[in-house]
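Novice:
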Amino acid sequence: MLSIKNLHVRVDTHDILHGLELTVHAGEVHAIMGPNGSGKSTLAHVLAGRDGYEVTAGEVRYAGQDLLRLSPEERAGAGIFLAFQYPVEIPGVSSAYFLRTALNALRQRRGLQGLKARDFLALLKAKMSLVEMDQSLLDRAVNAGFSGGEKKRHEILQMAVLEPTLAILDETDSGLDIDALQIVANGVNMLRSQERAMVIITHYQRLLRYIVPDYVHVLFDGRLVKSGGKALALELEEKGYGWIEAQVARTQAVHA
Amino acid sequence: MSHSTVAQNISHAPLARWAQELASNGSSWTQQVRQAAASRFATLGFPTTREEAWKYTNVAPIAKIPFTLAGDERAGVTDAVLARASCGPMAGHRLVFVNGQYAPELSALRPLPEGVLVGSLAAALSAHRSRVEPHLAHYASFQSHAFVALNTACMQDGAFISIPPGTSVEAPIHLLFVSTAPGQATVSSPRNLIVVDRGGQATLVESYVGGAPEVYLTNAVTEIVAGEDAVIDHYRLQQESTAAFHMALLQVHQERSSTVTSHAIALGGALVRNEVNAVLDGAGSACTLNGLFMAAGQQHVDNQTRIDHVKPYCTSRELYKGVLDGKGRGVFNGTIYVHKAAQKTNAKQTNKNLLLSPDAWIDTKPQLEIYNNDVQCGHGSTIGRLDEEALFYLRTRGIGLEEARSLLTYAFASEMLSQITIEPMRDALHEALRTWLSPLRGSQEA
Numbered sequence: 000m001l002s003i004k005n006l007h008v009r010v011d012t013h014d015i016l017h018g019l020e021l022t023v024h025a026g027e028v029h030a031i032m033g034p035n036g037s038g039k040s041t042l043a044h045v046l047a048g049r050d051g052y053e054v055t056a057g058e059v060r061y062a063g064q065d066l067l068r069l070s071p072e073e074r075a076g077a078g079i080f081l082a083f084q085y086p087v088e089i090p091g092v093s094s095a096y097f098l099r100t101a102l103n104a105l106r107q108r109r110g111l112q113g114l115k116a117r118d119f120l121a122l123l124k125a126k127m128s129l130v131e132m133d134q135s136l137l138d139r140a141v142n143a144g145f146s147g148g149e150k151k152r153h154e155i156l157q158m159a160v161l162e163p164t165l166a167i168l169d170e171t172d173s174g175l176d177i178d179a180l181q182i183v184a185n186g187v188n189m190l191r192s193q194e195r196a197m198v199i200i201t202h203y204q205r206l207l208r209y210i211v212p213d214y215v216h217v218l219f220d221g222r223l224v225k226s227g228g229k230a231l232a233l234e235l236e237e238k239g240y241g242w243i244e245a246q247v248a249r250t251q252a253v254h255a
Numbered sequence: 000m001s002h003s004t005v006a007q008n009i010s011h012a013p014l015a016r017w018a019q020e021l022a023s024n025g026s027s028w029t030q031q032v033r034q035a036a037a038s039r040f041a042t043l044g045f046p047t048t049r050e051e052a053w054k055y056t057n058v059a060p061i062a063k064i065p066f067t068l069a070g071d072e073r074a075g076v077t078d079a080v081l082a083r084a085s086c087g088p089m090a091g092h093r094l095v096f097v098n099g100q101y102a103p104e105l106s107a108l109r110p111l112p113e114g115v116l117v118g119s120l121a122a123a124l125s126a127h128r129s130r131v132e133p134h135l136a137h138y139a140s141f142q143s144h145a146f147v148a149l150n151t152a153c154m155q156d157g158a159f160i161s162i163p164p165g166t167s168v169e170a171p172i173h174l175l176f177v178s179t180a181p182g183q184a185t186v187s188s189p190r191n192l193i194v195v196d197r198g199g200q201a202t203l204v205e206s207y208v209g210g211a212p213e214v215y216l217t218n219a220v221t222e223i224v225a226g227e228d229a230v231i232d233h234y235r236l237q238q239e240s241t242a243a244f245h246m247a248l249l250q251v252h253q254e255r256s257s258t259v260t261s262h263a264i265a266l267g268g269a270l271v272r273n274e275v276n277a278v279l280d281g282a283g284s285a286c287t288l289n290g291l292f293m294a295a296g297q298q299h300v301d302n303q304t305r306i307d308h309v310k311p312y313c314t315s316r317e318l319y320k321g322v323l324d325g326k327g328r329g330v331f332n333g334t335i336y337v338h339k340a341a342q343k344t345n346a347k348q349t350n351k352n353l354l355l356s357p358d359a360w361i362d363t364k365p366q367l368e369i370y371n372n373d374v375q376c377g378h379g380s381t382i383g384r385l386d387e388e389a390l391f392y393l394r395t396r397g398i399g400l401e402e403a404r405s406l407l408t409y410a411f412a413s414e415m416l417s418q419i420t421i422e423p424m425r426d427a428l429h430e431a432l433r434t435w436l437s438p439l440r441g442s443q444e445a
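Protein sequence lines, in the order shown, are assigned to chains A and B.
Numbering that gives the first Met the number 0 puts the first residue of the first sequence at 0, with every later residue one more than the last.
Numbering that gives the first Met the number 0 puts the first residue of the second sequence at 0, with every later residue one more than the last.
1. Express the C-alpha separation of B:Q297 and B:L216 in angstroms, rounding to a whole number.
2. For B:E463, tell me which candidate among A:D138, A:P71, A:T100, A:A121 has the shortest Cα-Cα distance.
3. Can you pull the chain B residues whose beta carbon is under 9 Å from the beta carbon of A:I89, in chain order?
4. Once you ignore the five residues that flank B:A295 on each side, which residues in its own chain have a CB closer than 7 Å to its CB?
5. Using the beta-carbon of each residue, which ones in chain B are nearer than 7 Å to A:T100?
6. To the nearest angstrom, report how far apart B:T4 and B:V330 are at their CA atoms.
7. Does the distance from the CB of A:K151 to the CB of A:V183 come in under 8 Å?
8. I want to see whether chain A comes within less than 8 Å of B:S437, judged by CB atoms only; does it?
9. Please list, in chain order, the chain D residues whose beta carbon lies closer than 7 Å to that of A:V92.
10. Near B:Q250, which residues of its chain fall below 6 Å by C-beta distance, leaving aside the five closest residues on each side in sequence?
11. Can you tell me which of B:G209, B:L192, B:P164, B:P212 puts its alpha carbon nearest to the alpha carbon of B:L203?
12. What does the Cβ neighbour count give for B:H2, buried or exposed, with the cut at 16 atoms within 10 Å?
13. For B:A403, collect the residues of the same chain with a Cβ closer than 6 Å to its Cβ; drop the 5 residues on either side in sequence, then sort them by chain order.
14. Go through its chain and collect everything with a Cβ distance to B:A84's Cβ below 7 Å, but skip five positions before and after it.
15. Do A:A166 and A:R205 have their C-beta atoms within less than 8 Å of each other?
16. Whose Cβ in chain A lies nearer than 8 Å to the Cβ of B:E430?
17. CA-CA distance, A:L136 and A:L122?
18. Let's test the definition: count the other Cβ atoms within 10 Å of the Cβ of A:D11 and tell me whether it reaches 16, buried, or not, exposed.
19. Name the two residues that bound the continuous beta strand (DSSP E) containing A:F219.
20. Take B:A184 and list the residues in its own chain whose beta-carbon comes closer than 8 Å to its own, dropping the five residues that flank it on each side.
21. Please classify B:N449: is it buried, with 16 or more other beta-carbons within 10 angstroms of its beta-carbon, or exposed?
22. In whole angstroms, what separates the C-alpha of A:R108 from that of A:A82?
23. Against B:S413, what residues of chain A qualify as contacts under a CB-to-CB distance less than 9 Å, listed in chain order?
24. Leaving out five residues on either side along the sequence, give the residues of the same chain with a beta carbon under 7 Å from the beta carbon of A:R60.
25. How many Å lie between A:Y240 and A:G38 at the Cα?
26. Within 10 angstroms of its Cβ, does B:Q142 collect 16 or more other Cβ (buried), or is it exposed?
27. Can you say whether B:Q238 is buried or exposed, counting buried as having 16 or more other CB atoms within 10 angstroms of its CB?
28. Counting beta carbon pairs with one atom in the segment 214-232 of chain A and one in the segment 45-56 of chain A, are three or more of them shorter than 8 Å?
29. Counting only Cβ-Cβ distances shorter than 9 Å, please list the residues of the segment 144-172 of chain A near chain B, keeping chain order.
30. Do the CB positions of B:C376 and B:T334 come within less than 8 Å of each other?
31. What's the gap between the Cα of B:N371 and the Cα of B:V337?
32. Run through the DSSP bridge pairs and tell me what B:P365 is partnered with.
33. What separation, rounded to the nearest whole angstrom, lies between the Cα atoms of A:G110 and A:D169?
34. From this set, B:P311, B:R396, B:L149, which residue's C-alpha is nearest A:P86's C-alpha?
35. From the DSSP output, in three-state form, read off A:L19 for me.
36. In whole angstroms, give me the CA-to-CA distance for B:S188 and B:K364.
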């Protein structure tokens with residue numbers, strides 16, 4: 000579904016990713032873990048199509064297309080969804096209106112009819128129970144005045160409504176207390192399916208206790224330096240990122 | 000203003016001549032007022048950008064146009080034009096003015112409470128002089144304002160509304176001003192006087208539209224008098240043709256404990272000046288001025304507001320929002336003037352502007368002048384562009400760039416419509432706003 004080859008990304012004058020490789024198949028959940036500054040959010044944003052991220056080498060193919068040629072909205076249309084680390088506040092646009100506009104825009108891109116207000120509300124109600132979200136939130140402006148937990152639950156609600164084929168969760172666990180974390184994780188787990196892949200980007204192993212990944216990768220200095228199963232996450236939790244650093248340094252010394 | 004400045008101003012000989020001619024009509028009282036205004040206009044001429052109050056708005060293009068006086072040409076007054084002017088189905092009273100002249104056959108009045116007068120100013124000037132003369136031209140000063148002088152000299156007709164003490168007119172009173180300029184550039188000078196006596200209540204809508212994309216000048220003056228405890232909701236909708244000049248003054252006079260809320264929505268016009276002055280001349284009165292102005296293409300929209308806190312314990316709230324696209328240019332110049340005797344004044348003024356294109360421009364100048372120590376006053380203005388973060392966020396949800404821009408702009412502007420209490424009008428204005436924004440999302444409609 001997603002194939003990233005030798006990806007090099009520059010932001011301003013800094014090379015953030017150099018030579019990242021990742022393959023994700025339908026139905027898989029991949030966790031990408033790494034210390035601060037390793038390039039986690041850069042990867043998320045470059046996949047979503049944010050301006051200011053210059054791909055200097057490599058390629059990203061998604062569902063048979065060159066992903067990097069697509070605009071952010073075209074990527075969404077193709078089934079990519081990014082849950083933001085810092086969801087953006089949009090004063091003056093109610094959450095319900097935003098969700099319906101987004102869903103209908105996606106449906107239009109996929110050649111489907113837009114949903115009428117009533118049908119949409121029924122759909123939305125069903126999805127809201129997934130993240131234990133209060134209905135009153137729908138009338139509030141998108142993310143405006145939401146608590147940290149509400150913002151993240153709202154991201155998962157969007158994912159539930161928009162039904163992506165590839166969901167990228169950028170530090171969705173940051174800033175959540177344990178209750179909110181569980182609610183978010185439950186929501187995500189219920190959205191796991193054979194057709195849908197997920198890439199979960201996180202600093203801590205905490206979230207992975209609730210969302211058990213098929214693969215864990217360690218992102219370090221702009222590259223995936225180690226991959227393994229869910230046990231790798233536990234190892235990282237115990238030992239921290241220091242031993243990876245040491246291992247990478249040794250490997251580089253050998254190659255040099 | 001010094002005499003030398005006056006001498007440099009731009010004269011408009013035909014307009015000055017008409018002003019003189021028209022001024023000689025009417026009763027001796029109106030003749031006197033008109034003639035004084037006509038000679039004042041002849042002296043003043045049009046202002047230039049050297050005057051502080053006109054620094055950002057150049058009216059020289061108006062002076063260059065060989066205007067003729069507007070007749071009561073009805074050809075352009077189609078149902079579509081009237082529907083646009085009325086902004087949604089109207090439940091209330093409707094007075095239609097074509098080129099400033101009352102058109103009874105297009106108007107519809109419903110039963111009114113006893114003593115209430117709603118009709119043409121021209122008729123009232125002969126039939127109800129005692130209710131007109133104590134107020135007309137007493138509030139809107141033509142001494143230092145050329146366009147007010149021109150309007151006063153030329154004033155023939157407009158709306159006259161007089162509500163006696165303790166009387167409430169529940170249904171909104173819609174005043175629709177339609178300009179038709181078949182083949183030649185015309186001037187109309189609507190003049191409105193609204194007097195709501197002690198404890199009275201009314202909701203008024205002034206709506207200005209043009210029949211076709213033609214050049215004309217609407218030079219309108221409205222005086223509103225709110226007596227003690229009176230409550231007035233006022234709306235001013237400006238949807239003139241994009242080739243039109245629109246000069247307008249709303250002058251509000253408030254007595255003790257009165258409440259006036261005025262909303263100004265400006266969507267049309269090529270060169271627009273919208274002035275609102277409110278004088279809080281009675282203790283405990285409250286005034287709210289809301290404004291939304293949109294300018295695209297080459298449109299120029301100048302908003303001038305002034306709130307005079309003359310007496311103590313008065314409150315004023317002002318929020319104006321501007322949206323500028325293309326080479327659109329906006330001006331906001333708002334003054335809150337707190338007089339020496341106005342202790343416990345509570346005033347807040349805000350102007351927020353959104354620039355949608357690199358060539359859009361806004362000059363904003365919020366001003367406080369305070370001559371009393373015991374007041375709570377605040378003001379501020381912002382100029383911004385669409386939030387890149389928010390645009391990206393929307394796009395990652397599948398919403399195209401143009402639609403995302405349109406959505407964020409709509410969110411910014413529609414706040415000013417949400418406060419409109421006449422529901423069908425509010426809905427119609429939301430629709431008008433969406434129409435205004437639709438070129439922004441051309442790709443979506445294609």
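Cβ atoms here follow ideal geometry from the backbone N, Cα and C, with glycine treated the same way.
As the structure is a computational prediction, the values presented were derived from the model and not from experiment.
Specialist: To lay it out plainly:
1. 17 Å
2. Outside the shown range of chain B, which is 0 to 445, sits residue 463 of chain B, and nothing can be said about it.
3. D386, A389, Y392, L393, L406, L407, A410
4. D324, G325, G327
5. I398, L406
6. Confidence at B:T4 is low in this model, with a pLDDT of 39, below 50, so its placement is unreliable and no value can be given for it.
7. yes
8. no
9. Here the protein chains are A and B, and chain D is not one of them.
10. Y138, A139, E222, N276
11. Nearest option by C-alpha distance: B:L192.
12. Unreliable positioning characterises B:H2 in this predicted model, as indicated by a pLDDT of 39, which lies under 50. The coordinate reading is nonetheless provided below. Flag for B:H2 reads exposed.
13. L390, L393, R394
14. L175, V177, S206, V208
15. no
16. Going along chain A, no residue has its Cβ under 8 Å from B:E430, so there is no contact; the nearest lies around 15 Å.
17. 16 Å
18. exposed
19. 214-219
20. I64, P65, F66, T67, E213, V214, Y215, L216
21. Outside the displayed span of chain B (0 to 445) sits residue 449 of chain B, for which this structure offers no information.
22. 20 Å
23. G91
24. S2, L66
25. 14 Å
26. exposed
27. buried
28. No, because fewer than three Cβ pairs between the segment 45-56 of chain A and the segment 214-232 of chain A fall closer than 8 Å, the two stretches do not touch.
29. Q157, L161
30. no
31. Straight-line Cα distance between these residues: approximately 7 Å.
32. B:G333
33. So the two alpha carbons sit approximately 29 Å from each other.
34. B:R396
35. strand
36. 29 Å
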